[in-house]
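In this note's numbering, each residue carries its 1-based index in the sequence shown increased by 13.
Each remark here refers to the structure printed beneath this line.
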Amino acid sequence: AKTDAKASQKADVTSASISGPAQLRLALDDLRDVGRIATIDFIEAPGITVGNVVLADVVTPSMEG
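In structure tokens, the structure reads:
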């Protein structure tokens, strides 16, 4: 989602939904930290999917001057 939005990989993510096997739940804290994700909605499922990604507002410095 960050790449599609042409956002920095360091951009904060307000929320995201992740589906996957129960074992993936053990890695959610790491995913939150690395992905800079405030809230993850986890749904147990056989395959891994990521969706409903909401990027935090990005403030762009003004080019006036």
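C-beta atoms are modelled at their ideal positions from N, C-alpha and C, and glycine is treated no differently.
(message) I'd like to know whether the C-beta atoms of Val66 and Ala20 end up nearer to each other than 8 Å.
(response) Along the sequence shown, one-based indexing puts residue 66 at 53. Along the sequence shown, one-based indexing puts residue 20 at 7. No; because the gap between Cβ atoms is not below 8 Å, this pair is not in contact.
(message) If you reduce the DSSP assignment to three classes, tell me which class Ala40 lands in.
(response) Sequence index remark: in the sequence shown, residue 40 carries index 27 (1-based). Ala40: helix per DSSP, three-state reduction.
(request) Give every residue of the same chain whose Cβ lies closer than 6 Å to the Cβ of Val47, excluding the five residues on either side of it in the sequence, and list them in chain order. (result) For the purposes of this step, residue 47 is taken as the residue at position 34 of the sequence shown. Hits under 6 Å: none found.
(request) Mind checking who Ala29 pairs with in its DSSP beta bridge? (result) Taking the first residue of the sequence shown as position 1, residue 29 is located at position 16. The partner list for Ala29 (beta bridge, DSSP) reads Ile53.
(request) Pull up the distance between the alpha-carbon of Asp54 and that of Leu41, whole angstroms please. (result) Numbered from 1 along the sequence shown, position 41 holds the residue referred to as residue 54. Numbered from 1 along the sequence shown, position 28 holds the residue referred to as residue 41. Looking at the two C-alpha atoms, the distance is approximately 10 Å.
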